[in-house]
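Each residue of the sequence shown is one higher than the last, beginning at 1 in the UniProt record's numbering.
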Amino acid sequence: MSHPLIFDHDRIEQFRKRAFKKAKEGYDFLLSHMAEDLYKRLSTVDRLFTLALDLHSHTDLAAQALLKSGKVHSIERVETDMLYQSHEKFHLRYREFLDFPQNYCDLVVSLLSLQLTNDTPGVLSQIKNILKPDGLFLAVMAGAGTLVELRECLLQAEIEIYGGGSPRIYPFADIREIGALLQRVGFAIPVADVEDITIRYNTIFDLMHDLKAMGMQNALINRSRRPVSKRFFFRAAEIYAQRFSDPDGRIRAHFSFIWLSGWAPHPNQQKPIRPGSAQTSLADVLVKQPKTP
């Protein structure tokens with residue numbers, strides 16, 4: 001079954017490389033936050049892992065978090081270009097074609113990459129096959145609600161000035177869709193939870209500067225090719241300040257991050273709970289999942 005192409009991966013790589021080469025201190029603050037969260041979540045797991053794969057996490061922050069946890073013996077990073085190499089064990093792989101042997105490792109992690117896949121079910125299925133039985137998949141991706149204010153303001157400004165709107169912010173998956181997808185591709189004990197973060201900026205231009213520094217620019221296949229004027233951005237800034245500013249004049253930018261976890265099936269694992277009856281968090285499941293023989 002073919003999947004619609006949403007993202008221009010060549011363009012994504014252009015943005016990422018440019019951002020990486022021009023990186024300044026603090027540009028990766030969101031990745032740093034997610035890496036620290038990865039460390040905390042993994043530290044609760046009652047398990048030692050022989051080999052971990054870090055998939056397309058942009059920097060070595062995820063690998064550092066794995067080492068810090070003391071839960072992983074060996075780490076191999078997977079990226080799209082040698083530019084990002086930071087470990088002796090480093091693999092070049094296309095974002096959606098992982099090409100590893102079945103049962104290759106017992107842990108796969110990924111930070112803020114899965115939201116950029118065109119065939120997310122296919123990527124998750126490959127990850128499940130890479131894992132040894134009872135291996136763990138732990139990742140975070142941007143979810144629905146991310147940059148909702150910027151999306152609204154850019155769309156409104158474009159409609160006012162050009163008479164119509166075009167997609168400028170990525171479509172992000174809903175947590176229910178991701179949870180169902182984990183189950184559909186065959187992960188055992190699939191869990192997803194959300195972390196919402198609000199970051200304040202002086203202006204919309206400061207927000208867009210940070211997004212550019214992170215390589216988060218418009219790489220949608222169906223993006224508008226029409227040049228836009230300064231008037232467009234200034235109008236978007238006015239709308240943003242009117243609708244999403246605090247009393248001190250600073251604007252709010254919302255980010256919603258979906259943490260997802262699943263285990264490669266093993267006969268001795270605990271039984272999955274009845275669909276719709278989940279009452280526990282991802283961290284609870286990780287703590288309670290013992291090593292199976």
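The C-beta atom is built at its ideal place from N, Cα and C for all residues, glycine as well. Keep in mind that this is a model prediction, so the values were computed, not measured.
Inter-residue spacing [alpha-carbon to alpha-carbon] between residue i and residue j
| i | j | result |
| --- | --- | --- |
| Leu-111 | Ile-221 | 23 Å |
| Glu-36 | Tyr-27 | 16 Å |
| Gly-249 | Phe-49 | 48 Å |
| Leu-31 | Ala-213 | 12 Å |
| Tyr-94 | Leu-131 | 18 Å |
| Leu-116 | Phe-172 | 9 Å |
| Met-82 | Ala-253 | 33 Å |
| Arg-18 | Ser-86 | 18 Å |
| Leu-211 | Arg-16 | 11 Å |
| Asp-106 | Phe-29 | 28 Å |
| Phe-257 | Glu-195 | 5 Å |
| Gln-269 | Ala-62 | 27 Å |
| Ile-175 | Asn-129 | 23 Å |
| Asn-218 | Ile-189 | 35 Å |
| Ala-157 | Arg-226 | 14 Å |
DSSP-derived helix/strand/coil call for residue i
| i | result |
| --- | --- |
| Met-141 | strand |
| Leu-5 | coil |
| Asp-10 | helix |
| Glu-36 | helix |
| Lys-71 | coil |
| Tyr-201 | strand |
| Phe-91 | According to the sequence shown, residue 91 is His rather than Phe. Looking at His-91 - three-state DSSP - the assignment turns out to be strand. |
| Ala-23 | coil |
| Val-78 | strand |
| Leu-221 | Sequence inspection shows Ile at residue 221; the Leu mentioned does not correspond to that position. Looking at Ile-221 - three-state DSSP - the assignment turns out to be coil, as it is neither helix nor strand. |
| Ser-245 | strand |
| Leu-30 | helix |
Bridge-paired residues (DSSP) for residue i
| i | result |
| --- | --- |
| Ile-258 | Met-141, Val-194 |
| Phe-234 | Bridge partners of Phe-234: none, in fact. |
| Leu-48 | Leu-48 is not bridged to any residue. |
| Ala-253 | Ile-199 |
| Leu-55 | Val-78 |
Contacting residues, own chain, Cβ-Cβ under 8 Å from residue i (five flanking each side not counted)
| i | result |
| --- | --- |
| Asp-119 | His-3, Glu-96 |
Residues of its chain near residue i, where Cβ-Cβ distance is below 6 Å and the 5 sequence neighbours each way are ignored
| i | result |
| --- | --- |
| Arg-151 | Ile-169 |
| Leu-66 | Ala-52, Val-72, Ile-75 |
| Pro-275 | Because the pLDDT at Pro-275 is just 45, under 50, the model does not fix this residue reliably, and the value given afterwards should be weighed accordingly. Excluding residues within five positions, none has a Cβ falling inside 6 Å. |
| Leu-155 | Gly-165 |
| Ser-43 | Ser-69 |
| Ile-197 | Phe-255 |
Contacts around residue i, its chain only, beta-carbon distance under 7 Å, and the 5 residues preceding and following it disregarded
| i | result |
| --- | --- |
| Leu-181 | Thr-120, Pro-121, Leu-124 |
| Ser-224 | Ser-166 |
| Ala-144 | Phe-172, Ala-173, Asp-174, Ser-256 |
Would you list, in sequence order, the uninterrupted beta strand (DSSP E) runs of no fewer than 3 residues that lie entirely inside the segment 153–198? Entirely contained in the segment 153–198, not one beta strand (DSSP E) run reaches 3 residues.
Quick check for students: name the residue ranges of the beta strand (DSSP E) that lie wholly in the UniProt domain "Methyltransferase type 11" (96–138), counting only runs of 3 or more. Runs of the beta strand (DSSP E) inside the UniProt domain "Methyltransferase type 11" (96–138): 105–111.
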